[in-house]
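Asks: Read top to bottom, the protein sequences are chains P and W. Quick note: my numbering has the first sequence finishing at residue 510, numbered continuously throughout. Quick note: my numbering has the second sequence finishing at residue 510, numbered continuously throughout. Structure in structure tokens, see below.
There are 2 protein chains.
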Amino acid sequence: MRAKVRILKVKTGGFTIFINPKDAQEWKIHPNDLIRIESGKRSVYGSAAISDFVGVGEVGLSEDILESHQFSEGEVVALSPAGTPESVRYIKKKMRGEKLRKVEIETIVKDIVDRKLRNTEISAFVTALEINGLDMDEIAALTIAMAETGDMLDIDRKPIMDVHSIGGVPGNKTNVIVVPIVAAAGLTIPKTSSRAITSAAGTADVVEVLTNVTLSLDEIKRIVEKIGACLVWGGALNLAPADDLTIHVERRLSLDPRGLMLASIMSKKYAIGSQYILIDIPTGKGVKVETMEEARSLAKDFIELGKRLGQYVEVAITYGGQPIGHTIGPALEAKEALETLMTGKGPGSLVEKAIGLAGILLEMGGVAPKGMGRKVAREILESGKAYQKMREIIEEQGGNPDIKPEDIPIGDKTYTIHAQSSGYVTAIDNKAITAIAREAGAPEDKGAGIMLHVKVGEKVKEGDPLFTIHAESEGKLDKAIVLARRLEPIKIEGMVLQVVGNL
Amino acid sequence: MRAKVRILKVKTGGFTIFINPKDAQEWKIHPNDLIRIESGKRSVYGSAAISDFVGVGEVGLSEDILESHQFSEGEVVALSPAGTPESVRYIKKKMRGEKLRKVEIETIVKDIVDRKLRNTEISAFVTALEINGLDMDEIAALTIAMAETGDMLDIDRKPIMDVHSIGGVPGNKTNVIVVPIVAAAGLTIPKTSSRAITSAAGTADVVEVLTNVTLSLDEIKRIVEKIGACLVWGGALNLAPADDLTIHVERRLSLDPRGLMLASIMSKKYAIGSQYILIDIPTGKGVKVETMEEARSLAKDFIELGKRLGQYVEVAITYGGQPIGHTIGPALEAKEALETLMTGKGPGSLVEKAIGLAGILLEMGGVAPKGMGRKVAREILESGKAYQKMREIIEEQGGNPDIKPEDIPIGDKTYTIHAQSSGYVTAIDNKAITAIAREAGAPEDKGAGIMLHVKVGEKVKEGDPLFTIHAESEGKLDKAIVLARRLEPIKIEGMVLQVVGNL
């Protein structure tokens with residue numbers, strides 16, 4: 008069947024192709040059937056919706072399709088029903104617990120990217136992986152297939168360094184400091200980051216307060232070849248697109264099978280050509296990886312996978328038992344990171360982690376002698392060279408390099424929670440802090456978040472301020488206060504934990 | 008948020024709720040998010056689509072929703088984002104290989120029916136069942152939950168008999184003959200059937216050639232209480248609606264986990280109150296159950312499940328190695344069944360299977376002495392009493408009881424395939440026969456199908472007609488001929504299978 012394209016002003020979150028009821032009847036197409044449209048060398052698969060929104064002989068495309076596929080209003084395309092994709096057989100093979108061959112994994116990934124597999128089939132794949140797992144051969148094949156079905160970056164400077172923190176610890180603006188230190192030392196580090204999904208701020212959300220983070224691959228190549236670094240939002244790029252489609256399903260099932268997690272992270276690194284990669288695994292209560300044992304096992308897998316991909320990987324298991332630094336939320340974190348870069352000083356947990364990670368990268372990249380990376384990193388930070396590099400990054404990405412911490416607007420609706428007793432801070436609950444910051448509006452409201460006045464181990468007196476909630480609206484502030492009172496995220500205990508009487 | 012309902016002329020195959028981009032932004036609703044609308048005691052869940060199709064303050068409902076939920080144009084409803092359904096936790100429990108409790112299974116089924124779980128989650132459930140299975144406690148709980156979340160039939164005549172054939176054998180119009188025999192003997196048998204999904208004709212498709220099969224539960228109750236039987240399409244009823252939603256996903260993955268298959272069949276029997284159930288398992292090459300061992304194991308499960316549900320189940324393992332009777336396709340099968348009922352005679356494979364199954368039911372229902380069922384069934388068929396009962400069924404369901412076999416229109420575009428050598432028919436390929444009949448237009452084109460002139464074991468001479476393809480259009484006939492020549496569904500071999508020379 009030949010049909011004329013109409014672009015419909017609708018987003019369904021999938022690829023939806025609208026067909027008139029008369030055409031659907033003639034072509035025996037039912038709602039939600041997989042169909043294919045084709046024009047010259049371009050083709051796309053989508054789910055049928057049957058509707059009067061389009062006339063007979065017309066085919067309506069949802070805007071989702073236009074984001075990645077070029078079809079234009081009035082263009083004539085061929086439309087046909089599509090059968091069951093071949094890769095469903097391989098998904099079933101994994102259900103039976105069998106090992107998948109490289110070409111089978113490639114077919115699954117290609118069918119995901121081509122939208123031949125929809126959420127229903129991707130969900131079966133994710134579930135089969137959750138139950139039956141993947142071995143390292145399969146994970147390597149999956150990683151490469153995910154990278155190669157998307158865009159790849161080829162930067163004309165070597166070696167390419169990279170750093171990645173496994174999510175989960177609030178306030179983790181560390182890499183906003185690590186990247187300029189590493190680039191200031193002369194290394195190349197094209198850093199892509201994600202936005203917050205379940206957290207209060209992703210690195211991309213934080214950097215966006217300072218400069219533009221939505222760049223094309225060509226712009227990234229130009230900038231990184233010029234100044235050695237960037238800090239951009241990976242989601243704007245077509246890096247490992249199968250990963251985004253898979254993650255959407257994983258999130259709905261709150262699943263994160265290890266093989267997919269490894270492939271997800273490493274495919275993006277592979278796609279931008281990273282050769283020396285530092286993985287930061289924050290470990291502690293209330294973050295993704297809670298025990299040292301789990302962190303070590305995951306570290307081993309990252310290193311092994313790196314070997315298969317021709318990448319040199321080191322892993323830093325870091326303390327993730329409480330937030331990093333004092334701020335949580337995009338603007339608050341951007342402010343803290345910028346202050347730290349400008350003055351070379353900042354909260355101990357932030358500065359020590361940043362120079363620790365940067366130091367490892369400097370040694371990996373051969374610009375600091377073994378055992379001296381941390382020292383060199385500290386010098387670069389304290390000398391203002393890292394700040395200078397950050398100014399270049401801000402400027403090249405389209406922001407104002409003269410931005411000052413006090414220029415950054417912070418939510419002006421505030422409320423401070425005070426200590427109800429004297430004692431020591433024994434715990435700060437990561438999950439509760441994140442929940443309160445989100446309730447206050449983060450990450451969408453960039454000025455929303457939390458300023459911590461105390462950290463674990465500090466002594467407080469009754470009535471001392473513990474933390475301040477920032478919001479952009481009174482309504483959200485009120486909701487965050489209610490949640491803060493309920494969750495009590497900061498725990499204070501006297502030094503005397505228990506008195507035992509006469510036995 | 009309160010919004011005014013608009014009914015949109017669109018079918019997406021799911022429950023889709025359209026929201027204006029401005030409202031979506033304000034309410035932080037993204038495409039494909041799960042949302043809930045509510046008005047008084049009615050509520051429904053659906054997937055968000057963001058579109059200008061509706062104005063600010065309006066909510067557009069896809070027609071799919073209106074099929075089962077009453078909302079009217081202009082009605083004011085409350086709209087809210089919905090979180091992750093509780094039952095996702097239980098699906099994950101099954102992924103871990105744990106046994107589900109009754110209440111957990113009930114929650115999953117309820118969430119499927121309420122559309123809180125969409126294809127993505129149902130697919131995870133189906134995949135987890137495929138891999139980790141269900142034990143009989145779980146299957147029984149699933150069966151009852153599926154039945155009780157839909158409509159139930161309460162017929163004021165006891166005992167209620169039922170018969171069900173596991174799909175797969177072409178030409179299986181047997182139950183069109185079994186049901187009137189059983190009812191003519193005074194028993195009650197409210198038979199619901201399905202339409203063809205992957206076959207060339209389901210029982211509902213066949214009966215629809217003779218009379219209306221789309222009836223309400225009230226009409227079924229009235230008819231069955233009056234004449235003791237019906238032959239209707241189960242898909243028109245709201246029996247075990249979770250099953251239909253699950254089957255849609257199973258079909259896309261071409262999966263059919265045993266626990267779900269048992270629950271699927273038995274939940275519909277439970278919902279219409281069947282007490283004595285005969286399960287027919289055709290066994291042979293190219294049907295669902297290929298080996299006797301598998302058939303016996305499945306039979307044991309049906310019987311055990313029946314016990315848990317308070318139903319008495321017997322199982323007939325029948326020969327399914329070739330098509331039943333001589334015809335395949337709705338009109339051709341209806342004609343053959345009607346001729347058999349009118350004359351009391353027909354192809355041996357059809358008559359013997361029909362009176363065999365009917366005989367078992369007569370004994371189960373206590374209207375034939377043990378061992379005499381088959382004989383009594385044959386008498387009822389040959390005496391014309393079964394035909395008389397079929398006339399009542401046709402008339403009560405709204406058809407013309409005087410319909411004659413020669414009144415039934417058969418596809419008049421025909422082509423006959425002839426034997427290319429002499430010998431014996433050693434095999435008729437079920438899957439090939441079905442594929443050719445479907446290529447000719449069955450089941451949508453009711454007159455399309457295949458007439459077999461030979462069956463397995465018969466002697467043929469070169470040039471003898473083997474089978475005739477019937478179609479309603481030349482185009483489809485041509486395509487069916489091409490497929491028939493490629494597949495060669497009827498195998499002829501000389502009696503001498505191999506000559507071994509001097510060893």
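Note that the Cβ used here is the ideal one computed from N, Cα and C, for glycine as well.
#1: Taking W:P28 as part of the alpha helix (DSSP H), name the residues at either end of that continuous run.
#2: Helix, strand or coil for W:F60, going by three-state DSSP, please let me know.
#3: If we count Cβ pairs, one from each stretch, closer than 8 Å, do we get three or more for the stretch 201 to 212 of chain P versus the stretch 438 to 448 of chain P?
#4: Can you check whether the C-beta of P:L260 is within less than 8 Å of a C-beta belonging to chain W?
#5: May I ask you to report which of helix, strand or coil DSSP gives W:T210?
#6: Identify which residue in W:G464, W:I188, W:A249, W:D419 has its Cα closest to the Cα of W:C237.
#7: Examine chain P for any beta-carbon lying closer than 8 Å to the beta-carbon of W:P38, and answer yes or no.
#8: If the cut-off is 9 Å on Cβ atoms, which residues from the stretch 112 to 144 of chain P count as contacting chain W, listed in chain order?
#9: Residue range of the alpha helix (DSSP H) that P:V12 falls in?
#10: Identify the contact partners of P:V17 in chain W, using a Cβ-Cβ distance below 9 Å as the criterion.
#11: Between W:F309 and W:V294, which are expected to be in contact by the criterion C-beta below 8 Å, what is the C-beta distance as a whole number of angstroms?
#12: Inspect the CB distances between the stretch 482 to 489 of chain W and the stretch 359 to 372 of chain W and report whether three or more fall short of 8 Å.
#13: Relative to the alpha-carbon of P:G464, which residue among P:I435, P:P408, P:T91 has its alpha-carbon at the smallest distance?
#14: Pull up the CB-CB distance for P:A478 and P:P337, whole angstroms please, since I reckon it's below 8 Å.
#15: Quick one: measure Cβ to Cβ for P:T511 and P:S50, integer angstroms, because I've assumed they're closer than 8 Å.
#16: Along chain W, which residues have their Cβ under 9 Å away from the Cβ of P:K35?
#17: In chain W, which residues lie less than 9 Å from P:T475 when you measure between Cβ atoms?
#18: Could you check the C-alpha separation between P:G317 and P:Y283 for me, to the nearest Å?
#19: Indicate the three-state DSSP secondary structure (helix, strand or coil) for W:R49 in the structure shown.
#20: Of the choices P:E113, P:L348, P:E469, whose alpha-carbon is the least far from that of P:P412?
#21: Under 8 Å by Cβ, that's how I've got W:V176 and W:G313 pegged, so tell me the actual separation to the nearest angstrom.
#22: How would you write the range of the beta strand (DSSP E) that W:A323 sits in, first residue to last?
#23: I want to see whether chain W comes within less than 8 Å of P:G20, judged by CB atoms only; does it?
#24: Taking Cβ-Cβ distances shorter than 7 Å, what residues in chain W pair up with P:V95?
#25: Give a single yes or no on whether W:V239 has its beta carbon closer than 7 Å to a heavy atom of the ligand PLP.
#26: Answer yes or no: do W:T253 and W:I119 have a C-beta to C-beta separation smaller than 8 Å?
#27: Using a cut-off of 7 Å between C-beta atoms, extract the partners of W:T91 located in chain P.
#28: Run down chain W in chain order and give the residues with a C-beta less than 7 Å from the C-beta of P:V256.
#29: Who are the near neighbours of P:L15 in its chain, counting only those whose CB is closer than 8 Å to its CB and skipping five residues on each side?
#30: State yes or no: is the C-beta of W:L136 within less than 8 Å of the C-beta of W:L267?
#31: Under three-state DSSP, which class holds W:E232?
#32: How would you label W:N407, buried or exposed, when you count the other beta carbons within 10 angstroms and need 16 or more for buried?
#33: For W:S271, does the three-state DSSP call read helix, strand or coil?
#34: Assess, as a yes-or-no matter, whether the stretch 257 to 266 of chain W is touched by the stretch 166 to 175 of chain W under the definition of 3 or more beta carbon pairs within less than 8 Å.
#35: Along the chain, where does the alpha helix (DSSP H) that runs through P:H76 open and close?
#36: Between the stretch 33 to 52 of chain W and the stretch 76 to 90 of chain W, do three or more beta carbon pairs fall short of 8 Å?
Replies: Taking the geometry as given:
#1: 28 to 33
#2: coil
#3: yes
#4: yes
#5: helix
#6: W:I188
#7: yes
#8: R125, N126, T127, E128, I129, S130, A131, F132, V133, T134, A135, E137, I138, N139
#9: First-last for P:V12: 9 to 14, but that is the beta strand (DSSP E), not the alpha helix (DSSP H).
#10: F25, P38, A56, I57, S58, D59, F60
#11: 17 Å between Cβ atoms; not a contact.
#12: no
#13: P:I435
#14: At roughly 13 Å, the Cβ-Cβ gap does not stay under 8 Å, so P:A478 and P:P337 are not in contact.
#15: Outside the shown range of chain P, which is 8 to 510, sits residue 511 of chain P, and nothing can be said about it.
#16: E451
#17: The premise fails here: P:T475 is roughly 24 Å from chain W at the closest Cβ pair, so nothing lies under 9 Å.
#18: 10 Å
#19: strand
#20: P:L348
#21: The pair is not a contact, with the Cβ atoms about 23 Å apart (cut-off 8 Å).
#22: 319 to 326
#23: yes
#24: L260, S261
#25: You won't find the ligand PLP in this model; it holds no ligand whatsoever.
#26: yes
#27: S261
#28: T127
#29: F25, F60, V61, G67, L68, S69, E70
#30: yes
#31: helix
#32: exposed
#33: helix
#34: no
#35: That residue, P:H76, is in no alpha helix (DSSP H); it is neither H nor E in DSSP.
#36: yes
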